[in-house]
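Chemist:
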Amino acid sequence: MAVMISNKSPVSIYALGGLGEVGKNMYCIEDAKSIIIIDSGIRFPEGDLPGVDYVIPDYTHLKNNSTKIKALFITHGHEDHIGGIPFLIQNIFLPIIYAPKLAAALIRHKLEEMRIREKVKIVEYDEKDFVKVGDSFTVQFFQVTHSIPDSYGICVDTSEGRIVTTGDFKIDLTPVGPDINLGKMARLGFEGVDLLLSDSTNAEIEGYTPSETNVINSINEVFRNAPGRLIVSTFSSNISRIQQIVEASVMHNRKIVIIGRSMENAVETARNFGYIHIPDASLVKTEDLRTIKAEETTILCTGSQGEPMAALARIANGEHKTLRIIPGDTVVFSSSPIPGNGASIDRVVNTLTRAGANVLTNSVFLSLHSSGHPSKQELRLTLKLFKPKYFMPVHGEYRMLKIHTDIAVSLGIPRENTFILGNGDSLILKNHKISEGEHVQADDIFIDGNDVTGVCRAVINDRKVLYNDGMVSVLLVLDSKNNKLMQSPKIYTRGFVYTYGQDNMIAQAENFVNLILTDLMKEKVKFSDLKNVIKSQLTIFFFKKTQRRPMIIPVIMNKNN
547 MAVMISNKSP VSIYALGGLG EVGKNMYCIE DAKSIIIIDS GIRFPEGDLP GVDYVIPDYT
607 HLKNNSTKIK ALFITHGHED HIGGIPFLIQ NIFLPIIYAP KLAAALIRHK LEEMRIREKV
667 KIVEYDEKDF VKVGDSFTVQ FFQVTHSIPD SYGICVDTSE GRIVTTGDFK IDLTPVGPDI
727 NLGKMARLGF EGVDLLLSDS TNAEIEGYTP SETNVINSIN EVFRNAPGRL IVSTFSSNIS
787 RIQQIVEASV MHNRKIVIIG RSMENAVETA RNFGYIHIPD ASLVKTEDLR TIKAEETTIL
847 CTGSQGEPMA ALARIANGEH KTLRIIPGDT VVFSSSPIPG NGASIDRVVN TLTRAGANVL
907 TNSVFLSLHS SGHPSKQELR LTLKLFKPKY FMPVHGEYRM LKIHTDIAVS LGIPRENTFI
967 LGNGDSLILK NHKISEGEHV QADDIFIDGN DVTGVCRAVI NDRKVLYNDG MVSVLLVLDS
1027 KNNKLMQSPK IYTRGFVYTY GQDNMIAQAE NFVNLILTDL MKEKVKFSDL KNVIKSQLTI
1087 FFFKKTQRRP MIIPVIMNKN N
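Whatever position you read off the sequence shown (first residue = 1), add 546 for the working numbering.
1. Residues in the same chain with beta-carbon distance under 8 angstroms from Val839, minus the five sequence neighbours each way, listed in chain order, please.
2. Can you tell which of Tyr644, Pro854, Glu962 has its C-alpha closest to the C-alpha of Ser586?
3. Would you mind giving the Cβ-Cβ distance between Phe590 and Tyr605, rounded to the nearest angstrom? I have them listed as a contact below 8 angstroms.
4. Among Ile575, Gln851, Asn1014, which one has its Cα closest to the Cα of Thr1092?
5. Looking only at C-alpha atoms, which of Thr1085, Phe992, Ile1062, Val677 sits nearest to Thr1019?
6. Can you tell me the Cβ-Cβ gap for Ala901 and Ala862, rounded? I've got them flagged as a contact below 8 angstroms.
7. Assuming Thr844 is part of the beta strand (DSSP E), what are its boundary residues?
8. Buried or exposed: which applies to Cys847, given that a residue is buried once 16 or more other Cβ atoms fall within 10 Å of its Cβ?
9. Quick one: Cα of Glu984 to Cα of Ala561, how far?
10. Please classify Phe612: does DSSP put it in a helix, a strand, or coil?
11. According to the Cβ coordinates, are Gly929 and Ile953 closer than 9 angstroms?
12. Following the continuous alpha helix (DSSP H) through Thr815, name the residue where it begins and the one where it ends.
13. Would you mind working out which of Val905, Arg1094, Lys678, Ile791 sits nearest Ser828, comparing C-alpha positions?
14. Within 10 angstroms of the Cβ of Asp696, are there 16 or more other Cβ atoms? Answer buried if so, exposed if not.
15. Give me the DSSP bridge partner(s) of Ile879.
16. Rank Ile584, Asn748, Ser850 by C-alpha distance to the C-alpha of Leu947 and give the top, closest one.
17. Count the C-beta pairs between the region 1024–1041 and the region 1055–1064 that are closer than 8 angstroms, then say yes if the count reaches three, no if not.
18. Alpha carbon to alpha carbon, what distance is there between Arg800 and Ile551?
19. Could you check which residue in Phe676, Gly680, Phe633, Gln789 has the C-alpha nearest to that of Glu664?
20. Compute the distance between the beta-carbons of Asn1078 and Ser916, then report whether it is under 9 angstroms.
21. Among the residues of its own chain, which have a CB less than 6 angstroms from the CB of Tyr944, if the five just before and after it don't count?
22. Classify Arg807 as buried or exposed, calling it buried when 16 or more other Cβ atoms lie within 10 Å of its own Cβ.
23. Report, in whole angstroms, the separation of the C-beta atoms of Ser921 and Glu752, which I expect to be a contact under 8 angstroms.
24. Tell me the residue span of the alpha helix (DSSP H) that contains Asn637.
25. Could you give the residue range of the beta strand (DSSP E) that holds Met855?
26. Does the Cβ of Ser981 have 16 or more other Cβ atoms within 10 Å, making it buried, or fewer, making it exposed?
27. Taking the continuous beta strand (DSSP E) assigned at Asn1104, which residues delimit it?
28. Beta-carbon within less than 8 angstroms of Pro724's beta-carbon, same chain only, minus the 5 sequence neighbours each way: which residues are those?
29. Given a cut-off of 9 angstroms, decide if Phe715 and Gly918 are closer than it, judged by their beta-carbon atoms.
30. When you compare only the Cα positions, how much space is there between Asn1050 and Thr1039?
31. Look at the Cβ atom of Leu742, then the Cβ atom of Thr712, and state whether they are nearer than 9 angstroms.
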């Protein structure tokens, strides 16, 4: 194992995102002088986060220790690992980003697209590189297989011991792209690994994750049987899948149309680096579709998760400027649903079917998708290769982390040497031994629009109240000088009850408020007291009537202002 020459200090390891969730990956390694960050991702919001575009980690701890931050290392180019970078560099000064070639290109494009003015140095790495970070850390890399090329695990040698993180990976022996470097993984394990952080996304699934090449047989079957246009939707970052779809299109003499800005950007970048090979003659523009026979057309687009603004949903709803579903179209969802997206996908599938399309999704009968994450046997093999003294599962919901921990224990790692942590929980590595450390701040930050500061939890809670129970506005007209109401209170509702059908209840509520305020204003009273009384008393009133608690907003107009 590499030995660091430095002033020794305990090393902290913690996650600001990626534990107890799938997405928002961000892991930090810190000693007295330095912090290095591994990945900076986003999580896409679930349905219970109205109006939120992205969820990012809380960067407060990094802001408070900004002078210690030396570098950000990226394992690969998926959004849950690079999507937070524009927000991160607007919050802290980031001296340098080390990233694989494809991820580096995607990051540069993302920063340009979001018009990020802050300059950051981006350095590309490959498996042969060693990066020395100050006096604290030496970093090296090992190739892994994932659903995007240029994916790596990272090994960090510190003065106190060695830390390895797998990144996202699967052990695919017949991959589309480079092989996983099992030899280097075994060598690192032979030299000694103190702490292993390993991908837990598929920890619930026994066996091996099917090879990406298995998907091509199903894809070719679909191409052979489709009578008209083929519309294939997948993640824009699933470069391996896109290449297979392209190869099938060329084999079956179909022209390819690419729809969706993120898909266009990803394909262009991957073509430039040679990861996707599309003959120029096979690529056509959307406006040329009218000149091509339906059975000679492949449309490649985003929207496989039912996103309402993605290309597929807009095509399904008839909102795309040039494309409409026509009877005879075959639509293929070449992905698996992300937890929480099932309802959105079902809506799009129903809309497509209603428009006359034949919709195909991944199933046990038709393998249109293969995960990029390891199942139980691959996790066992990985643990055998690295032989870590201590183990910390990452990148997964709690049950996935728990199952992954049980796998480690079944292979001989003592239960007390495993750690199921939450975001912000830390481990302390000192002299090759690990103990639990102090908690660092690690909340969710909700991004709505371009505000990098995010929306606080209180705002989200207010939106949920509006969504579930609606709003009641109480209009008061006062003469504060004489401390009296100038007219009876008026109540207006939105999303609570249909006013015209509930005139009697609203009238009762107005009379109720009037009686309360008449009694309250026998003495001089502050506006804040008026609002608080109205909120508390009307909440009780409406709950008794409807079993609901709408948001109550008193509005006071004062004659003397």
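For each residue, glycine too, the CB sits at the ideal point set by N, CA and C. Predicted, not measured: the structure shown is a model, and the values here were computed from it.
Modeler: From the atom records:
1. A small correction: the amino acid at residue 839 is Lys; Val does not occupy that position in the sequence shown. Sequence-distant partners of Lys839 (beyond 5 residues in either direction) whose C-beta falls short of 8 angstroms from its own C-beta are missing from its chain.
2. Nearest C-alpha to Ser586 among Tyr644, Pro854, Glu962: Tyr644.
3. The Cβ separation is near 19 angstroms, so there is no contact.
4. When C-alpha distances from Thr1092 are compared across Ile575, Gln851, Asn1014, the shortest belongs to Asn1014.
5. Contrary to the premise, residue 1019 reads as Ser rather than Thr in this sequence. Looking from the CA of Ser1019, the closest CA among Thr1085, Phe992, Ile1062, Val677 belongs to Thr1085.
6. Contact annotation, Ala901 with Ala862: C-beta distance approximately 7 angstroms; criterion of less than 8 angstroms satisfied.
7. Unbroken beta strand (DSSP E) run through Thr844: 843–847.
8. Per the 10 Å Cβ criterion, buried.
9. Between the C-alpha atoms of Glu984 and Ala561 there is a straight-line separation of about 12 angstroms.
10. Position check: residue 612 holds Ser in this sequence, whereas Phe was assumed. In this structure, Ser612 counts as helix in the three-state DSSP scheme.
11. It should be pointed out that residue 929 corresponds to Leu in this sequence rather than to Gly. Closer than 9 angstroms, so yes.
12. Looking at the DSSP string, the run of the alpha helix (DSSP H) that includes Thr815 is 807–818.
13. Closest option to Ser828, Cα to Cα, is Ile791.
14. With 16 or more Cβ atoms within 10 Å of its Cβ, Asp696 is classed as buried.
15. Correcting the residue identity first, residue 879 is Phe in this sequence and not Ile. For Phe879, which the question treats as bridged, DSSP gives the partners Ser779, Thr907.
16. When only C-alpha atoms are compared, the closest one is Asn748.
17. Yes: at least three Cβ pairs fall under 8 angstroms.
18. Annotation note: pLDDT 42 at Ile551 (below 50); position unreliable, no value reported.
19. Nearest C-alpha to Glu664 among Phe676, Gly680, Phe633, Gln789: Phe633.
20. Not closer than 9 angstroms, so no.
21. Result list for Tyr944: Gly566, in chain order.
22. Exposed.
23. A Cβ-Cβ distance of about 7 angstroms is found for the pair Ser921 and Glu752, placing them in contact under the 8 angstroms criterion.
24. Here the alpha helix (DSSP H) through Asn637 covers 631–637.
25. Counted as a single uninterrupted DSSP element, the stretch harbouring Met855 is not any beta strand (DSSP E), since DSSP gives it neither H nor E.
26. By the 10 Å Cβ count, Ser981 comes out exposed.
27. DSSP places Asn1104 inside the beta strand (DSSP E), whose first and last residues are 1097–1104.
28. Same-chain partners within the cutoff: Gln689, Thr691, Pro695.
29. Contact flag set, yes.
30. Asn1050 and Thr1039 have their C-alpha atoms spaced approximately 14 angstroms apart.
31. With contacts defined by Cβ atoms closer than 9 angstroms, Leu742 and Thr712 form a contacting pair.
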